[in-house]
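Trainee:
Residue numbers (full-length UniProt numbering): 1 to 170.
Next up, the structure:
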């Protein structure tokens with residue numbers, strides 16, 4: 001059975017922050033499952049890419065997945081208003097399971113209440129929010145804290161994707 005990686009995503013995702021890690025994971029043999037409020041829904045990225053949602057948040061359990069990816073853009077800010085997505089993310093943080101977030105992705109972490117003392121990075125405007133929530137924020141391409149991998153911007157995608165693969169294959 002193919003191991004699955006969950007992706008919490010909705011409209012206005014930063015296109016390449018979804019397509020690049022997704023392609024990297026699929027090349028490595030993982031099944032990437034896009035999760036939103038409803039299955040088969042079409043969402044549109046900030047740059048116009050259309051994505052089809054694979055599963056509804058109501059039809060999946062976090063323990064069905066080996067890892068979670070949260071791409072950036074305006075998607076995470078919308079998802080963090082829905083407790084179902086917060087709880088899904090919280091499961092990975094509480095259990096120290098592989099969790100990958102880039103750009104605005106770590107905004108979802110703030111809602112979990114589990115950022116205190118965790119080392120991470122994000123897009124510049126989110127870094128202060130994370131610091132206020134108690135995170136140890138670093139302005140680096142990739143920050144790894146146990147099984148939590150965070151990154152800043154699309155420019156950091158090569159390092160981010162490498163860190164994802166390294167963590168999953170070690």
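Beta carbons: idealized from backbone N, C-alpha and C, even for Gly.
Would DSSP call residue 97 helix, strand or coil?
Mentor: Here residue 97 is taken as the residue at index 97 of the chain shown, counted from 1. Of the three classes helix, strand and coil, the one that applies to residue 97 here is coil, per DSSP.
Trainee: Under 8 Å, with one C-beta from each stretch per pair, do the region 17-24 and the region 85-98 reach the 3-pair mark?
Mentor: Contact fails: fewer than three Cβ-Cβ distances are below 8 Å.
Trainee: Can you tell me which of the three DSSP states residue 153 falls into?
Mentor: One-based indexing of the chain shown puts residue 153 at position 153. Here residue 153 sits in coil by DSSP.
Trainee: When you compare each of 30, 38, 66 and 155 to residue 95 by their alpha carbons, which one comes out closest?
Mentor: Position 95 of the chain shown, counted from the first residue, corresponds to residue 95. When each option's Cα is compared against that of residue 95, the closest is 66.
Trainee: Would residue 205 and residue 15 be called neighbours here (beta carbons separated by less than 8 Å)?
Mentor: No answer is possible for residue 205: the residues shown for the chain start at 1 and end at 170.
Trainee: Could you pull the start and end residues of the alpha helix (DSSP H) that residue 23 belongs to?
Mentor: Along the chain shown, read from residue 1 onward, the residue named residue 23 stands at position 23. Where residue 23 is concerned, the enclosing alpha helix (DSSP H) stretches over 15-27.
Trainee: Reducing DSSP to helix, strand and coil, say where residue 49 ends up.
Mentor: Position 49 of the chain shown, counting from 1, holds the residue named residue 49. Note: residue 49 maps to coil in three-state DSSP.
Trainee: Can you confirm whether the region 103-122 touches the region 132-142 when touching is taken to mean that 3 or more C-beta pairs between the two stretches lie within less than 8 Å?
Mentor: Yes: the two stretches touch, three or more of their Cβ pairs being nearer than 8 Å.
Trainee: Would DSSP call residue 122 helix, strand or coil?
Mentor: Start at 1 with the first residue of the chain shown, and residue 122 comes out as number 122. Three-state DSSP puts residue 122 in coil, outside helix and strand.
Trainee: Quick one, are the C-beta atoms of residue 99 and residue 68 less than 8 Å apart?
Mentor: Working through the chain shown from its first residue, we reach residue 99 at position 99. Working through the chain shown from its first residue, we reach residue 68 at position 68. The answer is yes: Cβ separation under 8 Å.
Trainee: Quick check: residue 164 and residue 149, are their CB atoms within less than 8 Å of each other?
Mentor: Mapped onto the chain shown, residue 164 falls at position 164. Mapped onto the chain shown, residue 149 falls at position 149. Result yes, Cβ atoms of residue 164 and residue 149 sit closer than 8 Å.
Trainee: Compute the distance between the beta-carbons of residue 126 and residue 108, then report whether it is under 8 Å.
Mentor: As a first step, residue 126 is located in the chain shown; it is residue number 126 there, counting from the start. As a first step, residue 108 is located in the chain shown; it is residue number 108 there, counting from the start. No.
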